[in-house]
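Report on the structure given below.
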Amino acid sequence: MTIFRGLLVCGEVVDGNITTITRELLNIGRKLRDALHQPLSTLLIGEKIEERAQEVISLGADKVYMVNGPIFMESSPDLYVGIITEVCKQMAPSIILFGHTEMGREVAPRLAVRLNSVVTMDCTDLSINPETKQLLQSKPVYGGNAIAIWISESKDPQIVTLRPRASMPAEPDVSRKGEMIPLGINIDHSMIKSKLLETVKEEVRGIKLEDAKVIIAGGGGIGGIEGFKSLEELAKVLRGTIGVTRVPCDEGWMPISLEIGQTGHIVTPNLYIAIGISGAPQHMAGCASSKCIVAINRDPEAQIFKEADFGVVGDYRQILPTLIEKCKDLIR
Amino acid sequence: MNLIVCVKQVPNPEIPPSKFRIDSEAKRTIPPEGIAPVINPYDERAVELALRLKEKHGGKIMVVTLGDDVSGNVVKHALSMGADDGVVLTDPAFEGSDSFGIAYILTRAIQKIGSYDLILCGRQAADWDEGLVGSIIAENLSLPLMTLVVAIERIDKELKMKRVTLEGHQIFTLPIPSVVTVSQEVGRPRLPSGWGIISATKKKLPVWNAKDIGADLSQIGAKGARKRVMKLFLPERERRCEMVQGETAVEAAIKLAEKLREAGTI
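Printed below as a string of C-alpha cells:
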C-alpha cells in the first residue's frame, strides 16, 4: 500500500517568471507544512526551469522537482495532465496544491480521477485541524453567497486548487536551502488527443487587470458601448484600466477578456470604482479584496452599497464628467 | 450527430444575496420562497451549443439530468428549446452523492444511452461551483476532453472547437467522440418556442433508477462520497459604506473626488 506523505505545489512559470499564484501557494504550503510536519515540494515543468528552482527554494520549498522540456499547458493539456499524473504517482504526496488558474482548473479534476482520489476547486483558505490533522478546505459556493468547508474522506492524495489573491505571496529568503531533483518522465505522445491549431491573445490596452492599481469597472447599468468612453477617460486620469461584469460581455459591448468575477479575472487594486454594477456575488468574487471600493449606482438598494467603502447614488452620466475634472484637478 | 447534454437544476442564481438563506445545521440552502429553481445557466448554454451543432450538421440531442421528481422540468426546458429526447435519473440511493458520485451516475447513464458523438456539460454548476463533473465523465469514459468551449464545428471526422482563455481564445481539434464543458461566452441561449413548450409539456420522460443504469452502490450516495461539507456559513462581507451626498450630481462628484484624495486612494 502506498504511503502518502508531503505537500506538492504544482508551480507555474510564465515568460520565465514564477507566477504570483505560485508564491501564494508556497505561502499557504508553508503554513500547512508547519502544521503537518511534512516536507513541502514544488513541481516545475517547462524550459529553463533550473534558473527558477533556486527561487522556489528561497520561497519555502524543501525540494523542487523539475521536468525539463518544451511542454506547455496551453498547447497540450493532455500531455500536461499525463506528466503531472506520473510525477504524483512517483512522489505520492498527501496533499497536492494547484492555483485555480487555467492550468489548475484543467489538470486538478482529471488528476483526481486518475489517482482515484479527491479534489476541491477554488478554495479561498486551507488549514489543518490540529486534532484530526484533516485538511480543511474553505470554498465559496452558490456564486459566493455562502462558504463551505469541505473535508476529504481518507482518500489521499487530497487535491485542491487555490483562488488567486486568496493568500499573501511568500517572501523570499535566499539563505534557505533545498534540493533540486530533475525527473525523467517518459513522454507518451499518443496521450495527446486534442490538437492545438491556434492561440489568439487579445491585445491588452495599457495595464493588465491583475497588475492594475486602479480599476474602473462598468456593469449593465452603463447601458451600451458609448457609455464606456467616460469610464475610459476616468481610467486614463487615474492611470488605471477598465474592467467589466458579465452583462457588458453578454451584450457584446465589451470583450470578455475584461470580465472580472468568479469566471473571469480576480483583481485586488487599491481603488475599484464600480459603476452601474449591482454587486452580484459572482462579480464580487473577483474584486471583493480590493483595498477601496467605490460604488456609483442609480439604485439606492443595490447590493454593491453594502460592500463598498464609498457610495454615490445617482446617474453616472451626470456624475462622471465632474468626477473626471475634479480628479484631474486634485492629482495634478 | 448524436449529442448528449447533461443538465442540472439549481436554485435561481440571480436571487439577491439578501434573499439567500442557509440551514447551517443541515448544511444546505433553504430554497427562496416563490422563486422557482432553474436550469443551471452554464448547462443552458451547453444546450444552446448543441442546438447550433444540430442545426448545422443534423442529428439528435438527448438531455440527461440527475435529481428529484421536479428536476424533469429542466429537461423539459431543454426540450422546449429544441432538444429531442430526455431522461431523468432519480433514486433515493443517489442522494448525498458528491461530484464524483454524480459524474459516475451520469457516466453509467451515458453508457446505457450508448451511441453518441459528443457529450456536452456546463463548465460548472451555479450551486456548488465545482466545475468537476464534465472532466470526470471524460476521464471515466477515457474520452478526449476540451474545457471552456464556446463554439464547435464538425469537419469530417473531427470537431473544431473554440475555447476561451483569460487572454483571448484558442482553436483545437478533437476526435469524435469527445466531451466538452461549455462556457457562458456562448451567449444568450434561445428562448423556448411556443410549439416547443407545448410538445415538451406533453412528452413523458423516462425515469431511470440505480438498477436501470447498473450503478455500483458503493460509488454513490453519501456513503460513496469522497468528501463532505463540514460547515456551511454566510460570509462576512459588509463594509461600512460612507454615502457621499450632494444637492446635485455635480456636488456629489466633487465631494467623492475629495474623499478619495483624503483617503489617499487617488
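Chain order of the listed sequences is E and R.
With our numbering as the guide, the letters of the first sequence map in order to residues 560 to 891.
With our numbering as the guide, the letters of the second sequence map in order to residues 36 to 301.
For each residue, glycine too, the CB sits at the ideal point set by N, CA and C.
If you draw a straight line from the Cα of R/E202 to the Cα of R/G107, it comes to about 38 Å.
DSSP, read as helix, strand or coil, puts E/Q597 in coil.
Taking the beta carbon of E/F864 as reference, the chain R residues within 8 Å of it are C276 and M278, listed in sequence order.
In the structure shown, R/M196 adopts extended strand secondary structure according to DSSP, grouped into three states. For E/I708, the neighbours in chain R by C-beta distance under 9 Å run, in chain order, V264, M265, K266, L267 and F268. Inclusion of E/L591 and E/I643 in the CB contact set at 9 Å is not warranted, their separation being larger than that value. Contact residues of the segment 54-83 of chain R toward chain E are F55, I57 and T64 (C-beta to C-beta distance below 7 Å). Secondary structure of R/S177 (DSSP, three-state): coil.
Taken through DSSP and simplified to helix, strand or coil, E/C808 comes out as helix. Counting only residues of its own chain and dropping the five nearest sequence neighbours on each side, R/K262 has a CB closer than 6 Å to the CB of D133. Taking C-beta separations shorter than 7 Å and ignoring five residues to either side along the sequence, the partners of R/V221 in its chain run R80, E83, L84 and V185, following chain order.
Within the segment 774-799 of chain E, the alpha helix (DSSP H) runs of at least 4 residues that lie entirely inside it are, in chain order, 787-796. Annotation for E/I718: the continuous beta strand (DSSP E) segment containing it runs Q717 to L721.
Using a Cβ-Cβ cut-off of 7 Å, R/E174 is close to R669, V672 and R673 of chain E, given in chain order. By DSSP's assignment, E/L742 forms no beta bridge with any residue.
The alpha-carbon separation between R/V214 and R/S177 amounts to approximately 10 Å. For the segment 733-759 of chain E, residues whose beta-carbon sits nearer than 7 Å to a beta-carbon of chain R comprise K752, S753, K754, L755, L756, E757, T758 and V759. The C-alpha of E/A847 lies about 11 Å from the C-alpha of E/G703.
Annotation: E/Y831 is outside any alpha helix (DSSP H); the continuous beta strand (DSSP E) that includes it extends over L830 to I834. Per the C-alpha coordinates, the member of R/A288, R/V110, R/R296 and R/E90 positioned closest to R/V40 is R/V110. Take the alpha-carbon of E/S734 and the one of E/L584: they are about 20 Å apart.
Taking 9 Å as the cut-off, the Cβ atoms of R/G121 and R/T142 do not count as close. Around the C-beta of E/K622, 16 or more other C-beta atoms lie within 10 Å, and the residue is accordingly described as buried. Here R/G166 is near E/D681, since their CB atoms are less than 9 Å apart. Identification of residues in the segment 623-638 of chain E having a C-beta nearer than 9 Å to some C-beta of chain R yields E633, S634, P636 and D637, given in sequence order. When DSSP reads this structure, E/A705 sits in a beta bridge with E/V700. With distances taken between CA atoms, E/V759 lies nearest to R/T200 out of R/E282, R/T200 and R/Y151. Chain-ordered listing is empty here: chain R has no CB closer than 7 Å to the CB of E/D684, the nearest sitting near 11 Å.
Only exposed fits E/L756, as fewer than 16 other CB atoms lie within 10 angstroms of its CB.
Under the Cβ distance rule, E/S816 counts among the residues neighbouring chain R, one pair being separated by less than 9 Å.
Between the C-alpha atoms of E/H596 and E/I687 there is a straight-line separation of about 11 Å. Inclusion of R/Q159 and E/T822 in the CB contact set at 9 Å is warranted, their separation being smaller than that value. At a beta-carbon threshold of 7 Å, the residues of chain E lying near R/H204 are V759, ordered along the chain. Spatial neighbours of R/S150 in its own chain (CB-CB distance under 6 Å, excluding positions within 5 residues in sequence) are listed in chain order as N37.
Distance from the Cα of E/N675 is smallest, within the candidate group E/E665, E/K714 and E/M750, for E/K714.
For R/L209, the uninterrupted beta strand (DSSP E) run begins and ends at G203 to P210, by DSSP.
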